[in-house]
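Start counting at 1 in the sequence shown, then tack on 2, and there's your number in the working numbering.
Working notes, beginning with the structure itself.
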Amino acid sequence: MSQDDLFDFPCDFPVKVMGARRDDFAQTVVDIVLRHAPDFAAETVEMRASGSGNYLSVTCTVRAVSRAQLDALYRELSGHPAVKVVL
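Dropping the structure here:
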């Protein structure tokens, strides 16, 4: 069984990104997502601040077409200095 067999592509796939709460954090995440999923609708972004207000989670549900696409998206998000966690 290959890793692509775990998903039935294309599929809607939520990506949750957490980082320090800054004015440009959500836009930074959306910009990265759009590079990997150009059809992503930015108006569908869901955001939630942490209880203390120091962190922000941004959830983007992308239409994933392949495992390679998701891997590349996760790599770029994880490598960004503003990002703490990608789920």
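Glycine is no exception: its CB is placed at the ideal position from the N, C-alpha and C atoms.
Contact annotation, Asn56 with Ala28: C-beta distance approximately 15 angstroms; criterion of less than 8 angstroms not satisfied.
DSSP, reduced to helix, strand and coil, places Gly53 outside both helices and strands of the structure shown, so it counts as coil. Listed in chain order, the alpha helix (DSSP H) runs fully inside the stretch 12-40 are 27-38, counting runs of at least 4 residues. From the listed residues Leu8, Arg65, Glu48, the smallest Cα separation to Phe42 is found for Arg65. When only Cα atoms are considered, Pro12 and Asp26 end up about 30 angstroms apart.
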